[in-house]
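Numbering (this note's numbering), first residue to last: 5 to 391. We put the CB at the ideal spot given by N, CA and C, even for glycine. What follows is a set of notes on a single structure, which appears directly below.
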Ligand code: SF4
Ligand code: SF4
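Written as structure tokens, this is what we have:
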């Protein structure tokens with residue numbers, strides 16, 4: 005036996021780094037959502053919030069999009085912070101590459117460990133397909149991004165807060181922005197670190213009034229094995245449900261991609277429909293999947309959802325579909341057991357959904373409510389009226 009290489013010696017020192025047992029999920033070659041090769045690149049100006057911004061969803065929505073987040077003091081404080089990070093999303097890599105191991109597996113472990121060190125909840129890696137890059141940005145300028153890999157950084161919106169909330173009350177936008185600000189901080193730090201190692205890297209994140217995304221996040225979450233696409237049109241993770249947001253780092257650092265996962269969600273969402281029934285804007289369909297821009301998905305009505313989130317008079321934004329989803333659970337062995345049943349005994353899915361209702365999941369638990377209901381009207385915080 006020869007002397008172990010630097011890569012081998014390094015690898016022996018490394019233990020699993022994940023906070024959740026992602027490695028125990030069934031990993032598959034293709035995502036459980038059918039994807040054809042006919043996916044058109046998306047113009048960022050066609051996304052729901054961009055359309056609202058440009059007045060394509062009506063005058064009221066255009067007026068409210070400027071304040072739906074700022075009308076609550078926590079989300080407003082977070083909103084203010086994000087545009088400042090935009091200036092450090094990208095930069096030049098140093099010209100001398102650092103003397104680090106070149107094993108993609110080892111570098112992936114390193115980058116994931118770094119993400120967890122920075123307090124990410126889940127970190128995944130995939131190749132960056134060309135079709136996951138926006139064609140044009142908010143100013144209409146063409147986007148050229150040729151990085152090979154995407155690192156997705158997932159941040160939980162906090163189970164306890166979700167438990168104390170109705171899902172579309174005054175804390176809702178702050179929960180989203182908790183994840184946006186934290187993941188943006190991690191993405192900017194990670195991208196800056198990779199550039200200091202001598203490789204190009206760019207952070208992509210929600211930046212409040214200015215977008216810092218050049219990539220579409222949902223397919224990257226899917227390809228990086230964070231979860232499967234659910235009935236609500238977003239990626240659902242088996243340990244967090246849809247209770248998270250994500251930022252992305254794209255880079256040419258040689259990494260080893262993760263693979264998509266299959267934990268039985270397509271069968272489960274087929275019978276569940278709780279999010280569709282509870283959605284205040286009826287944006288989530290109750291019917292079957294359809295082909296849409298190369299994906300076979302339940303066709304989510306982004307316009308209805310965006311309008312409701314922006315003009316919600318009894319709260320700031322909305323995450324009711326996240327709240328009521330049976331996968332929105334704390335950690336514990338009983339929930340691990342249900343996750344196992346969904347995967348191995350799908351004929352029990354209807355009973356699991358029924359029991360979720362019987363046990364009262366999805367209802368507000370007022371004991372967990374820690375925030376004050378307040379609304380900023382013309383710069384003065386007031387107790388919101390009911391509408
Ligand atoms: S965020 Fe609210 S409005 Fe949008 S789909 Fe979910 S429940 Fe419906
Ligand atoms: S509520 Fe039910 S149907 Fe909706 S995403 Fe969650 S599991 Fe799927």
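{"Item": "Using the beta-carbon count (16 or more within 10 Å), is residue 159 buried or exposed?", "Value": "buried"}
{"Item": "Quick check on the contact list: which residues have their beta carbon closer than 5 Å to a heavy atom of ligand 1?", "Value": "283, 285, 287, 309, 312, 322, 324, 325"}
{"Item": "Can you tell me whether residue 239 sits near ligand 2, meaning its C-beta is under 7 Å from at least one heavy atom of the ligand?", "Value": "no"}
{"Item": "Taking residue 386 as the reference, give the member of 374, 115, 174 with the closest Cα.", "Value": "174"}
{"Item": "Have a look at 298, 66, 163 and flag the residue whose alpha-carbon is nearest the alpha-carbon of residue 310.", "Value": "66"}
{"Item": "Less than 8 Å between the beta carbons of residue 207 and residue 192, yes or no?", "Value": "yes"}
{"Item": "Measure the Cβ-Cβ separation of residue 129 and residue 155 and say whether it is below 8 Å.", "Value": "yes"}
{"Item": "Can you check whether the CB of residue 328 is closer than 8 Å to the CB of residue 171?", "Value": "yes"}
{"Item": "According to DSSP, is residue 316 helix, strand or coil?", "Value": "coil"}
{"Item": "What does the alpha-carbon distance come out to for the pair residue 138 and residue 371?", "Value": "43 Å"}
{"Item": "Count the C-beta pairs between the segment 108-126 and the segment 265-277 that are closer than 8 Å, then say yes if the count reaches three, no if not.", "Value": "no"}
{"Item": "Which value, in whole angstroms, describes the spacing of the CA atoms of residue 48 and residue 146?", "Value": "10 Å"}
{"Item": "Please name the residue, chosen from 317, 151, 302, that lies closest to residue 254 on a Cα-to-Cα basis.", "Value": "151"}
{"Item": "Would you tell me roughly how many angstroms separate the C-alpha atoms of residue 30 and residue 390, rounded to the nearest one?", "Value": "46 Å"}
{"Item": "Would the beta-carbon of residue 420 fall within 8 Å of that of residue 224?", "Value": "The structure shown does not extend to residue 420, since the chain is modelled only from 5 through 391, so no value can be given for it."}
{"Item": "Should residue 301 be labelled buried (16 or more other beta-carbon atoms within 10 Å of its own) or exposed?", "Value": "buried"}
{"Item": "Using a Cβ distance threshold of 8 Å, determine whether the segment 195-203 contacts the segment 219-234, with at least three qualifying pairs required.", "Value": "no"}
{"Item": "What separation, rounded to the nearest whole angstrom, lies between the Cα atoms of residue 185 and residue 120?", "Value": "16 Å"}
{"Item": "Assign residue 362 to buried or exposed, taking buried as 16 or more other Cβ atoms, counted over all protein chains shown, within 10 Å of its Cβ.", "Value": "exposed"}
{"Item": "Does ligand 2 have a heavy atom nearer than 7 Å to the CB of residue 392?", "Value": "Here the chain comprises residues numbered 5 to 391, so residue 392 is not present and cannot be evaluated."}
{"Item": "Express the C-alpha separation of residue 304 and residue 235 in angstroms, rounding to a whole number.", "Value": "8 Å"}
{"Item": "May I ask you to report which of helix, strand or coil DSSP gives residue 5?", "Value": "Confidence at residue 5 is low in this model, with a pLDDT of 46, below 50, so the placement of that residue is unreliable and no value is reported for it."}
{"Item": "For chain B, check one thing: does any of its Cβ atoms lie closer than 8 Å to the Cβ of residue 94?", "Value": "Looking at the structure shown, chain B is missing, and only one protein chain is on hand."}
{"Item": "Does the contact criterion of 3 or more C-beta pairs under 8 Å hold for the segment 76-85 versus the segment 332-342?", "Value": "no"}
{"Item": "Report the partner residues of residue 296 according to the DSSP bridge assignment.", "Value": "299"}
{"Item": "Short check: CB of residue 64 to CB of residue 55, under 8 Å?", "Value": "no"}
{"Item": "Are the Cβ atoms of residue 118 and residue 183 separated by less than 8 Å?", "Value": "no"}
{"Item": "If you compare alpha carbons, which of 350, 95, 168, 180 is closest to residue 72?", "Value": "180"}
{"Item": "In the DSSP assignment, the alpha helix (DSSP H) including residue 168 goes from what residue to what residue?", "Value": "163-168"}
{"Item": "Relative to ligand 2, is the shortest distance from any of its heavy atoms to the C-beta of residue 306 smaller than 7 Å?", "Value": "no"}
{"Item": "If you count every other CB in all the chains shown that lies within 10 Å of the CB of residue 394, and 16 or more means buried, which is it?", "Value": "Limits of the chain in this structure are 5 at one end and 391 at the other, which puts residue 394 out of reach."}
{"Item": "So, residue 415 versus residue 290, is the Cβ gap smaller than 8 Å?", "Value": "Residue 415 falls outside the range modelled here, since the chain spans only 5 to 391, and no answer is possible."}
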